[in-house]
Amino acid sequence: MRAAPLLLALFAVTAVGCKKDKPAAADADAAQSSDAPKPPPPPRCAEVTPGASFTIGKRSVKKGDDEDEDTDEPALPFAVEIGGAVPTPTGFAVSAMSAKGQGTTVLVALIASDAGSGRIVELGQTHGDVDPPRLAALGGRVFAAVPDSDAGGSTLRLAQITTGSSPGVTWGPTFSEGRDESRVFAIELGDKRGVMVWDEVDKKSSRGVLRAVSFAVENIASATKPKTISREDDDAEAPHVVRRPGGFWMAWIHHPPRGDAKDKKAPAPTASAEPVDDPLVELGNRVLRIAPLDENGVLAGEPKDVTGKSSHVLVFDLSPGPDGSALLSWRDDDTSPGVEGRSVHLARVKTGGSVEESVIQDEAIGAGVPTLLEDAAPKPGQPRTWLGLSGVTDATRMGVLKDDGTLADRLDVEPAIRSAELLALSGGRLLVAHPRGLAVELSAVSCKQGPAPEPDQ
């Protein structure tokens, strides 16, 4: 009678031992599966019309002739240079400069919404070393700020491009920029008036000032005389302007007097610390400022410092935000342009002046301007704002921003975009520019929001 309990006890011990062996094998399988690389996330972007594109300039190899269309060609010397793009009712308008004959021709390309066709409107040849035009559009109106030079120095000229069946150009007045090295200028349109803003050096004070003209959208010949809109205590450069209800937002870089800001000192290096290279160019403190303008381009409020007086803002971008706010993106680093660190700063400036700021840190972020693209008329369920960045592998990384300016999905590359430059966004369609040797190929993609970002982004 006592043998039965003994057998039961032995069976129980054996059974428990069997149960211990199975989890060990399962754990090994789980470890192997966790070591396997994660599959790439599904693409967020696809061509609006597969194969549709429009090329500015002459390609070295015809499309489809022994060419890998999935690989971007590096831009060559004297290649077409894109200035910018804006949405139009029928697609997009793109400004560019292209070598023609013995000189350089300025042009505006009117592109269909799927980038499958387009027309070129030439604005004539430029003189000297200048940048492509900047564009602004409202409805069917496209306006351009066209840089050039003459015996007196740099100039800016207003132009209006018609986008109908017979495109043409109406020229406005020309304004002098002086002889300083700065080339930053901007143009934007309101409901009834537009503004053109630029920076130049005031000879008397040896400081940078911001100058502006305003004009009626019905008649660019009625432009006002240039006026200084920055304050006397402001050493300003690099103005950006976007539309807001009742006027405009203007952001720029301010150089505080050297006595006003204490440079941040680096912590004492440890034995294992890597050596830090000194900046190749000492830019000093560079503070990002923003202020509202009225419809005539006059300051409508006190300028606000978005960054501290000890900041070193290298480059930035400005975009309209929801509810009349402004979105800003910038790189802040005490280094030389082109070698900045792996972080991007974002901020939303509300109409009352409060600022909501966030930072994206990612080792895959490359150098360059963090581009903001706003869709003024997004389709239901499609994002309003995208952030675009160069990656360390030259591939373009992009992600959706929330209304508060923080990242809503992953900051990643897209197979349909590769290393293309992000130009403009309208109705859920994103216009991009692929380098093709001496030419630039434009295409349109439709993108959707992806999964939420990783915790460290």
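Under the numbering used here, the first residue of the sequence shown is numbered 11, with each subsequent residue one higher.
Using N, Cα and C, we set each Cβ at its ideal position, and we do this for glycine too.
Would you check if the distance between the CB atom of residue 179 and the CB atom of residue 142 is smaller than 8 Å? The count along the sequence shown starts at 1 and reaches residue 179 at position 169. The count along the sequence shown starts at 1 and reaches residue 142 at position 132. Cβ distance not < 8 Å, so residue 179 and residue 142 don't count as in contact.
Quick one: any contact between the stretch 391-402 and the stretch 357-367, if contact means 3 or more CB pairs under 8 Å? no
Take the Cβ of residue 187 as the centre, count every other Cβ of all protein chains shown within 10 Å, and call the residue buried at 16 or more, exposed below. As a first step, residue 187 is located in the sequence shown; it is residue number 177 there, counting from the start. By the 10 Å Cβ count, residue 187 comes out buried.
Which one of 339, 432, 353 and 424 has the shortest CA to CA distance from residue 411? Here residue 411 refers to the residue found at position 401 of the sequence shown. With distances taken between Cα atoms, residue 411 lies closest to 339.
C-alpha gap between residue 106 and residue 242, whole angstroms: Counting from 1 along the sequence shown, the entry for residue 106 is found at position 96. Counting from 1 along the sequence shown, the entry for residue 242 is found at position 232. Each residue's alpha carbon lies about 35 Å from the other.
Three-state secondary structure (DSSP) of residue 159: In the sequence shown, residue 159 corresponds to position 149, counting from 1. The answer is strand: DSSP assigns residue 159 an E or B state.
DSSP state of residue 231, grouped into three classes? Counting from 1 along the sequence shown, the entry for residue 231 is found at position 221. Of the three classes helix, strand and coil, the one that applies to residue 231 here is helix, per DSSP.
Per-residue burial, residue 451 [other beta carbons within 10 Å of its own, 16 or more giving buried]: By one-based count along the sequence shown, residue 451 stands at place 441. Result: buried.
For residue 456, tell me which candidate among 86, 323, 215 and 393 has the shortest Cα-Cα distance. Here residue 456 corresponds to residue number 446 of the sequence shown, with the count starting at 1. When each option's Cα is compared against that of residue 456, the closest is 393.
Taking the alpha carbon of residue 122 as the reference point, which residue from 181, 99 and 202 has its own alpha carbon closest? Numbered from its first residue, the sequence shown carries residue 122 at position 112. The option with the nearest alpha carbon to residue 122 is 99.
When we look at the beta-carbon of residue 108 and count the other beta-carbons within 10 Å, is it buried (16 or more) or exposed? Counting from 1 along the sequence shown, the entry for residue 108 is found at position 98. It is buried - the Cβ of residue 108 has at least 16 other Cβ atoms within 10 Å.
Does DSSP put residue 333 in a helix, in a strand, or in coil? Within the sequence shown, residue 333 is the residue found at index 323, counting from 1. Looking at residue 333 - three-state DSSP - the assignment turns out to be helix.
Given 8 Å as the limit, is there contact between the stretch 220-233 and the stretch 155-165, that is, 3 or more CB pairs closer than that? no
Roughly how many angstroms separate the alpha carbons of residue 277 and residue 344, rounded to a whole number? As a position in the sequence shown, residue 277 is number 267, starting the count at 1. As a position in the sequence shown, residue 344 is number 334, starting the count at 1. Note that residue 277 scores a pLDDT of 39, beneath 50, so its modelled location is shaky and nothing firm can be said.
Anticipated Cβ contact below 8 Å, residue 433 with residue 94, distance rounded: Your numbering for residue 433 matches position 423 in the sequence shown. Your numbering for residue 94 matches position 84 in the sequence shown. Contact flag correct, Cβ pair sits at about 7 Å.
Between 328, 198 and 101, which lies nearest to residue 173 when the distance is taken from Cα to Cα? For the purposes of this step, residue 173 is taken as the residue at position 163 of the sequence shown. Of the candidates 328, 198 and 101, the one whose C-alpha sits nearest the C-alpha of residue 173 is 101.
Counted within 10 angstroms of its Cβ, other Cβ atoms place residue 88 as buried (16 or more) or exposed: Here the question's residue 88 lines up with position 78 in the sequence shown. Under this definition residue 88 is an exposed residue.
Tell whether a beta-carbon distance below 8 Å holds between residue 385 and residue 303. Working through the sequence shown from its first residue, we reach residue 385 at position 375. Working through the sequence shown from its first residue, we reach residue 303 at position 293. Their beta carbons are not under 8 Å apart, which means residue 385 does not touch residue 303 by this criterion.
For residue 266, count the other beta carbons within 10 Å of its own beta carbon; 16 or more makes it buried, fewer makes it exposed. Which is it? Counted from its first residue, the sequence shown places residue 266 at position 256. Residue 266 comes out buried.
Can you give me the C-alpha to C-alpha distance between residue 114 and residue 129, rounded to a whole angstrom? Working through the sequence shown from its first residue, we reach residue 114 at position 104. Working through the sequence shown from its first residue, we reach residue 129 at position 119. Rounded to whole angstroms, residue 114 to residue 129 spans 18 Å at the Cα level.
Between the Cα of residue 426 and those of 50, 104, 48 and 60, spot the shortest distance and give me the residue it belongs to. The residue given as residue 426 occupies position 416 in the sequence shown. Residue 60 is the option with its Cα nearest to residue 426.
To the nearest angstrom, report how far apart residue 92 and residue 428 are at their CA atoms. For the purposes of this step, residue 92 is taken as residue 82 along the sequence shown, with counting starting at 1. For the purposes of this step, residue 428 is taken as residue 418 along the sequence shown, with counting starting at 1. Their Cα atoms are separated by approximately 17 Å.
Determine the direct distance from the alpha carbon of residue 421 to that of residue 49, and round the result to whole angstroms. Start at 1 with the first residue of the sequence shown, and residue 49 comes out as number 39. Start at 1 with the first residue of the sequence shown, and residue 421 comes out as number 411. Residue 49 and residue 421: Cα-Cα distance of roughly 16 Å.
Between the CA atoms of residue 112 and residue 252 - distance to the nearest angstrom: The residue labelled residue 252 in the question sits at position 242 within the sequence shown. The residue labelled residue 112 in the question sits at position 102 within the sequence shown. Cα to Cα, the separation comes out at about 36 Å.
Where residue 164 and residue 136 are concerned, what is the direct C-alpha to C-alpha distance, given to the nearest angstrom? Translated into positions along the sequence shown, residue 164 becomes position 154. Translated into positions along the sequence shown, residue 136 becomes position 126. When rounded, the distance between both Cα atoms is 11 Å.
Quick check on this structure: which residue in 326, 373, 312 and 458 has the alpha carbon closest to the alpha carbon of residue 506? No information on residue 506 is available, as it lies outside the stretch 11 to 467 that the chain covers here.
Residue 10 to residue 314 span [Cα, whole Å]: There is no way to answer for residue 10, as the model of the chain reaches only from 11 to 467.
Local Cβ density within 10 Å of residue 189, reported as buried at 16 or more and exposed below that: The count along the sequence shown starts at 1 and reaches residue 189 at position 179. Residue 189 should be labelled exposed.
Cβ neighbour criterion (16 or more within 10 Å) applied to residue 268: Residue mapping note: residue 268 aligns to position 258 of the sequence shown, counting from 1. Counting Cβ neighbours within 10 Å, residue 268 comes out exposed, since fewer than 16 surround it.
Contact belief for residue 405 with residue 423 at Cβ below 8 Å, rounded distance in angstroms: By 1-based counting over the sequence shown, the position of residue 405 is 395. By 1-based counting over the sequence shown, the position of residue 423 is 413. Confirmed, Cβ separation roughly 4 Å.
With DSSP run on the structure shown, which of helix, strand or coil describes residue 454? Walking along the sequence shown from the start, residue 454 turns up at place 444. DSSP places residue 454 in strand when its eight states are reduced to three.
If I'm right that residue 219 touches residue 240 with Cβ under 8 Å, what's the distance once you round it to whole angstroms? Counting from one through the sequence shown, the residue named residue 219 turns up at place 209. Counting from one through the sequence shown, the residue named residue 240 turns up at place 230. With 8 Å as the limit, residue 219 and residue 240 qualify as a contact, their Cβ atoms being about 5 Å apart.
For the beta strand (DSSP E) that contains residue 110, what are its first and last residues? On the sequence shown, residue 110 is found 100 positions in, with the first residue counted as 1. That run of the beta strand (DSSP E) goes 101-110.
Do residue 305 and residue 182 have their CB atoms nearer than 8 Å? Along the sequence shown, read from residue 1 onward, the residue named residue 305 stands at position 295. Along the sequence shown, read from residue 1 onward, the residue named residue 182 stands at position 172. No, Cβ-Cβ distance for residue 305 and residue 182 is not below 8 Å.
What's the gap between the Cα of residue 194 and the Cα of residue 413? Your numbering for residue 194 matches position 184 in the sequence shown. Your numbering for residue 413 matches position 403 in the sequence shown. Computed Cα separation, rounded: 28 Å.
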